[in-house]
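Have a look at the structure below, then the notes.
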Amino acid sequence: MKSGSMVELIGGIIREELGQKAGNIARQTTGYCNEVYSVELPRGTVIIRLNKNPESILGSRKYIPIFRKRGIKVPGIIKADYSKKHWPYAYQIMTKLPGRDIGQVIHGLTGPQLRAIAGQVASVFKKLRGLPTNGKYGYVGASEKGLFPSWFAYLKHENVRNGLIAARNRRVINNGHIRIIRKLYADYREYFESVPSRLYFNDLSSKNVMVDRGRFTGIVDLDGVVYGDYLEAVGRIAAGWPGTAYGDTYTRAVMDELGLSAEQRRIVGVYAVFNRIEWLSEQGKKS
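Position one of the sequence shown corresponds to residue 53 (our numbering), numbered consecutively onward.
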C-alpha cells in the first residue's frame, strides 16, 4: 500500500472510530515490526499502530493493564480492532506519551538527566519482579506458545542457527562474528542453563523509552515480554551507545540503580555483544 493510500486509510479509521477528521498524519520511523503513525486531532494527538498480523499487536491489550497496575507509565488504548473485517490491518488507536525515543535525544542529555532516566528505567525492571511465568523461556506475546525448556535453549535458537547464518550469507556479518557467538555460548553455558524463568520487558534500549525535555515520560510498544534473564535487557542498553560518554553514564547508572554485582555486569557485557551482532544481522533484513 502506498503512503498516500495509507494516509487515506488512517483518516478513514479515525473518522469511523473517533468521529473526528485527522489532521497531519506522520509516520514514526523508529522500529520496523509495526506501522506506527502520529495523528493530529482537533483536541490533541493520538498514535495509531497497524499490522496485517493481529497477533503482532494483541500483546499490548494484555500487558498495558498489567504494567499500569504495577505503576509503570504506559499509553492507553482508546480504540482497537483486530478483526480486519472493515480494514486490511489490525490496529490500535492509543494515547500519545509526550516526548521522543531516548535514542533520538540521548546525545543532548546532561549527566543528571541521564541518571534520573536510568532510575526510572531500572524501576521498570523492579516493578515487574515477581510477576509469574509458566516456568519456560522465550518471547511471550499475546499467548504463551513456542517457548523453550531452558534459557540456553532459547538463546541458541534466537537468530543463531538461522538468522545469524543467513546474515553471514548476505555478508552483513562474517565468520568472525559467528565464532564470537559460539565461544560465548560455550563459555557461559553453565550460567545460561541455571537462569530461572522470570518475566521482564526486553526492549528498553534506544527506543520505547520516551523522554520529554530531559524527563522520562513512560515506555511504549508493549506487545510482548520475555521469560528469562532480565540482564539480557540491560545488555541491550549497554549495546546501544558503545564508546560514548553519555552511553557509558546511562548504562552504569541503570546498573547502579539495579545494584548489579561485578559478575552480573560481566554477564551484561556478554549480552551486549550478542545484541550488537544481532542488530548487525537485522540490517540485512531491513535493506
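Quick reminder that beta carbons are idealized off the backbone N, C-alpha and C, glycines included.
What does residue i pair with, by DSSP beta-bridge criteria?
i: Met146; result: Ile99, Ile129
i: Asp153; result: Met262
i: Phe268; result: Val263
i: Tyr298; result: Tyr298 pairs with nothing; no bridge assigned.
i: Arg120; result: Answer by DSSP bridge pairing: none, since Arg120 is not bridged.
Relative to the C-alpha of residue i, which residue among the options is closest?
i: Ala325; options: Tyr237, Asn186, Ile109; result: Going by the sequence as given, residue 325 is Val instead of Ala. Per the Cα distances, Tyr237.
i: Gln72; options: Glu60, Leu93, Glu87, Gly190; result: Leu93
i: Asp273; options: Leu61, Glu60, Arg113; result: Arg113
i: Gln144; options: Glu309, Ile62, Gly270, Asp308; result: Ile62
i: Thr301; options: Tyr191, Ala74, Gln165, Thr269; result: Gln165
i: Gly292; options: Gly182, Tyr189, Val157; result: Val157
i: Pro140; options: Ile77, Phe204, Gly163, Met58; result: Met58
i: Glu107; options: Lys179, Lys136, Gly182, Gly193; result: Gly193
i: Arg267; options: Arg120, Thr82, Gly151; result: Gly151
i: Leu352; options: Gly75, Pro201, Tyr243, Thr97; result: This structure gives no information on residue 352, because the portion of the chain shown stretches from 53 to 339.
i: Ile232; options: Val306, Arg250, Ala205, Arg328; result: Arg328
i: Tyr206; options: Lys136, Thr147, Asp275, Gly280; result: Gly280
i: Pro117; options: Val320, Asp239, Asp275; result: Asp275
For residue i and residue j, I'd like the C-alpha separation in whole angstroms.
i: Arg79; j: Ser246; result: 43 Å
i: Asp153; j: Ser257; result: 9 Å
i: His370; j: Lys104; result: Residue 370 is absent from the structure shown; the chain starts at 53 and stops at 339.
i: Thr185; j: Asn260; result: 23 Å
i: Ile66; j: Asp255; result: 28 Å
i: Ile77; j: Arg241; result: 48 Å
i: Gly299; j: Glu68; result: 44 Å
i: Lys136; j: Pro127; result: 23 Å
On the CB-based measure, 16 or more other CB atoms within 10 Å of its CB, does residue i come out buried or exposed?
i: Tyr297; result: One detail in the question is off: residue 297 reads as Ala in this sequence, not Tyr. Ala297 comes out exposed.
i: Ser313; result: exposed
i: Gly159; result: Just to set this straight, residue 159 is His in the shown sequence, not Gly. Looking at its Cβ environment, which holds fewer than 16 other Cβ atoms inside 10 Å, His159 is exposed.
i: Glu330; result: buried
i: Glu196; result: exposed
State the start and end residues of the unbroken alpha helix (DSSP H) segment that holds residue i.
i: Gly292; result: 283 to 292
i: Ser246; result: 241 to 246
i: Phe177; result: 163 to 180
So the beta strand (DSSP E) residue i belongs to, where does it begin and stop?
i: Leu207; result: Counting along the chain, Leu207 falls outside any beta strand (DSSP E), though it belongs to the alpha helix (DSSP H) covering 203 to 209.
i: Ser90; result: 87 to 93
i: Leu251; result: 250 to 252
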